[in-house]
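K.L.:
Protein chains in written order, with the working numbering: chain A, 76 to 246; chain B, 76 to 246. Using N, Cα and C, we set each Cβ at its ideal position, and we do this for glycine too. All of these numbers come straight from a predicted model, not from anything done at the bench.
Protein chains: 2
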Amino acid sequence: MRRIVFFLLLSAAAVVASIVPAARPADEQASPVFVTKIPSGYRDWRFISTAHEAGNLNSIGVLLGNEVAFQAYREGKLPFPDGTMLVALHYKHVASDENNKVFGQPQSFVAGPPTNVQVMVKDSKKYAATGGWGFGHFQDGKPATSAFMKPCFPCHAKETDHDFVFTRYAP
Amino acid sequence: MRRIVFFLLLSAAAVVASIVPAARPADEQASPVFVTKIPSGYRDWRFISTAHEAGNLNSIGVLLGNEVAFQAYREGKLPFPDGTMLVALHYKHVASDENNKVFGQPQSFVAGPPTNVQVMVKDSKKYAATGGWGFGHFQDGKPATSAFMKPCFPCHAKETDHDFVFTRYAP
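(1) Between the C-alpha atoms of G116 (chain A) and V240 (chain A), what's the straight-line distance to the nearest angstrom?
(2) Based on the DSSP secondary-structure assignment, which residues constitute the bridge partners of R121 (chain B)?
(3) List the DSSP bridge partners of G158 (chain B).
(4) Looking at the structure shown, is E150 (chain B) part of a helix, part of a strand, or coil, going by DSSP?
(5) Can you give me, in chain order, the residues of the region 104 to 124 of chain A that have a beta carbon less than 7 Å from any beta carbon in chain B?
(6) Kindly indicate if chain B contains any beta-carbon less than 9 Å away from that of R78 (chain A).
(7) Just to make sure I have the definition right: I need the residues of chain B whose C-beta is within less than 7 Å of the C-beta of K233 (chain A). Which are they?
(8) Using the C-alpha atoms, what's the distance from A222 (chain A) back to M195 (chain B)?
(9) Please name the residue, chosen from B:G211, B:P189, B:T190, B:N191, that lies closest to K197 (chain B) on a Cα-to-Cα basis.
(10) Since T125 (chain B) contacts V137 (chain B) with CB under 8 Å, what's their CB separation in whole angstroms?
(11) Only counting runs of 4 or more residues, tell me where the alpha helix (DSSP H) segments fall wholly within the region 171 to 213 of chain B, in order along the chain.
(12) On the DSSP bridge assignment, give the partners of P218 (chain A) in chain order.
(13) If you follow the alpha helix (DSSP H) that F239 (chain A) is in, where does it begin and where does it stop?
(14) List the DSSP bridge partners of A163 (chain A).
(15) From E150 (chain B) to D157 (chain B), what distance separates their C-alpha atoms?
(16) From the DSSP output, which residues share a beta bridge with H168 (chain B)?
(17) Could you give the first and the last residue of the continuous alpha helix (DSSP H) run that contains F228 (chain B)?
(18) Compare the C-alpha of S134 (chain A) against each of B:P218, B:N141, B:F184, B:G130 and name the closest.
(19) How many angstroms separate the CA atom of Y202 (chain B) from the CA atom of G216 (chain B)?
(20) Short of 8 Å in beta carbon distance, which residues of its chain neighbour P96 (chain A), apart from the five on each side in sequence? Order them along the chain.
(21) How would you call A232 (chain A), buried or exposed, if buried means at least 16 neighbouring beta carbons within 10 angstroms?
(22) Any beta carbon of chain B sitting closer than 9 Å to that of A144 (chain A)?
(23) Shorter than 9 Å from the beta carbon of H127 (chain B) to some beta carbon of chain A?
(24) State the Cα-Cα distance for the pair F122 (chain B) and A163 (chain A), rounded to the nearest angstrom.
(25) Closer than 7 Å by C-beta to N175 (chain B): which residues in its own chain qualify, once you throw out the five before and the five after it? Chain order, please.
(26) Skipping 5 residues on each side, what residues in its chain have a beta carbon closer than 7 Å to that of T190 (chain B)?
(27) Considering only C-alpha positions, which residue in the set B:A170, B:D119, B:A245, B:L132 is nearest to M160 (chain B)?
(28) Between A:Q214, A:P154, A:R243, A:H237, which has its C-alpha nearest K112 (chain A)'s C-alpha?
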């Protein structure tokens, strides 16, 4: 009997815990929430577009989207629906000696070593404080600090015409 | 009865036709065969890598692969198995005024108007004369002429270490 009561008490505690959010310090409640885990299977997602950032970034990359994202892009659906997930895969923009030899001139740049993976996840409730988007940045699979992530939304917030997402679909 | 005989004759003719290739002029038999139809569903295929061609080409693009291609790339399987299909989607490499305004400096280049779609299809029998690869080039969905296609294989033939395919997998 004691065991049953203990089990019931435990269950009741679990139900209460799932309804009532744990108390958090005031400053944490006010600060934005970030994506701290890379969505599984992202490397299999579909191609949205590609971009090259010159200058200090010296980067070439692609944006891939999950099924929800891909359909929204194809149909021009804005704002992006909850469940949209986007990953930007970034690589060093490096000259390809091999290709240049074939072309006979220095013109070819390819994706070199991967630098980071950036993530945007749409969940209008969870990420209400940042336009409905959760932002993530990963190097070698490890998430960036909250301090590093702070400028993400203020910058994306400038893209008001396209639900805070810079990249457009490449046909 | 006549109808049955006619049907049998037709069937026999179909079987013979599927076994014996139609006679072709000698020069056509010697010349390579090209891919003249874009594989359906290619835009849904998975991302292999991205590249930027500077100079006159001024192009940014990606290589996508069908399931056979993607698995072969992931497993490092060489030569690529029959059924491998690769498409290179090329776009004008254009400055993004919108992104540059946000970054505060001219550094961002994105995929502009699409220029062409190039295709490689592995079929070691059909394309035996060109290393087992059929090459295709499409502008606005229309295939290039045979004359235009002639330099494809001689150029790819230089890539002996990677089964005549330049692009490597971007992780």
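P.N.:
Let me spell this out:
(1) Translated into positions along the first sequence, residue 116 (chain A) becomes position 41. Translated into positions along the first sequence, residue 240 (chain A) becomes position 165. Taking the straight line from one Cα to the other gives about 21 Å.
(2) The residue given as residue 121 (chain B) occupies position 46 in the second sequence. A:R121, B:G140, per the DSSP bridge assignment.
(3) Within the second sequence, residue 158 (chain B) is the residue found at index 83, counting from 1. Among the bridge pairs identified by DSSP, G158 (chain B) is matched with none.
(4) Start at 1 with the first residue of the second sequence, and residue 150 (chain B) comes out as number 75. E150 (chain B) falls in the helix class under three-state DSSP.
(5) From the region 104 to 124 of chain A, only D119, R121, F122, S124 have a Cβ closer than 7 Å to chain B.
(6) Taking the first residue of the first sequence as position 1, residue 78 (chain A) is located at position 3. Its pLDDT being 44, under 50, R78 (chain A) is placed unreliably in this model, and the value from its coordinates should be taken loosely. Not one chain B Cβ lies under 9 Å of R78 (chain A).
(7) Here residue 233 (chain A) corresponds to residue number 158 of the first sequence, with the count starting at 1. The contacting residues are V177.
(8) For the purposes of this step, residue 195 (chain B) is taken as the residue at position 120 of the second sequence. For the purposes of this step, residue 222 (chain A) is taken as the residue at position 147 of the first sequence. Going by the C-alpha atoms only, they are around 46 Å apart.
(9) Your numbering for residue 197 (chain B) matches position 122 in the second sequence. Looking at the Cα atoms, B:G211 is the closest of the given residues.
(10) Here residue 125 (chain B) is taken as the residue at index 50 of the second sequence, counted from 1. Here residue 137 (chain B) is taken as the residue at index 62 of the second sequence, counted from 1. Sure, about 5 Å apart at Cβ, within 8 Å.
(11) Taking 4 residues as the shortest admissible run, the region 171 to 213 of chain B contains the following complete alpha helix (DSSP H) segments, listed from N- to C-terminal end: 172 to 178.
(12) One-based indexing of the first sequence puts residue 218 (chain A) at position 143. Looking at the DSSP assignment, P218 (chain A) forms a beta bridge with A:F213.
(13) Numbered from its first residue, the first sequence carries residue 239 (chain A) at position 164. In the DSSP assignment, F239 (chain A) falls outside any alpha helix (DSSP H) and carries neither an H nor an E.
(14) If you number the first sequence from 1, residue 163 (chain A) lands on position 88. Paired residue(s): A:L138, A:Q193.
(15) Sequence index remark: in the second sequence, residue 150 (chain B) carries index 75 (1-based). Sequence index remark: in the second sequence, residue 157 (chain B) carries index 82 (1-based). Near 15 Å, if we compare the C-alpha coordinates of D157 (chain B) and E150 (chain B).
(16) Residue 168 (chain B) sits at position 93 when you count from the first residue of the second sequence. H168 (chain B) pairs with B:A186.
(17) Start at 1 with the first residue of the second sequence, and residue 228 (chain B) comes out as number 153. For F228 (chain B), the uninterrupted alpha helix (DSSP H) run begins and ends at 227 to 231, by DSSP.
(18) Reading the first sequence from its first residue, position 59 is the one you call residue 134 (chain A). Minimum Cα distance to S134 (chain A) is reached at B:F184.
(19) By 1-based counting over the second sequence, the position of residue 202 (chain B) is 127. By 1-based counting over the second sequence, the position of residue 216 (chain B) is 141. Answer to the nearest angstrom: the Cα atoms are 22 Å apart.
(20) The count along the first sequence starts at 1 and reaches residue 96 (chain A) at position 21. Reliability fails at P96 (chain A), whose pLDDT of 43 lies under 50, so the model's placement of it is uncertain and no value is given.
(21) Looking up residue 232 (chain A) in the first sequence gives position 157. A232 (chain A) should be labelled exposed.
(22) Stepping through the first sequence from its first residue, residue 144 (chain A) is reached at position 69. No, A144 (chain A) lies away from the interface with chain B (no Cβ there is under 9 Å from its Cβ).
(23) In the second sequence, the residue the question calls residue 127 (chain B) occupies position 52. For H127 (chain B), the answer is yes, since a Cβ of chain A falls inside 9 Å of its Cβ.
(24) As a working mapping, residue 122 (chain B) is identified with position 47 in the second sequence. As a working mapping, residue 163 (chain A) is identified with position 88 in the first sequence. F122 (chain B) and A163 (chain A): Cα-Cα distance of roughly 12 Å.
(25) On the second sequence, residue 175 (chain B) is found 100 positions in, with the first residue counted as 1. Around N175 (chain B): P181, Q182, S183.
(26) Looking up residue 190 (chain B) in the second sequence gives position 115. If we look at T190 (chain B) and ignore the five residues flanking it on each side, its Cβ neighbours are S134, H165, Y166, K167.
(27) In the second sequence, counting from the first residue as 1, residue 160 (chain B) sits at position 85. Looking at the Cα atoms, B:D119 is the closest of the given residues.
(28) Residue 112 (chain A) sits at position 37 when you count from the first residue of the first sequence. Of A:Q214, A:P154, A:R243, A:H237, the residue nearest in Cα terms is A:Q214.
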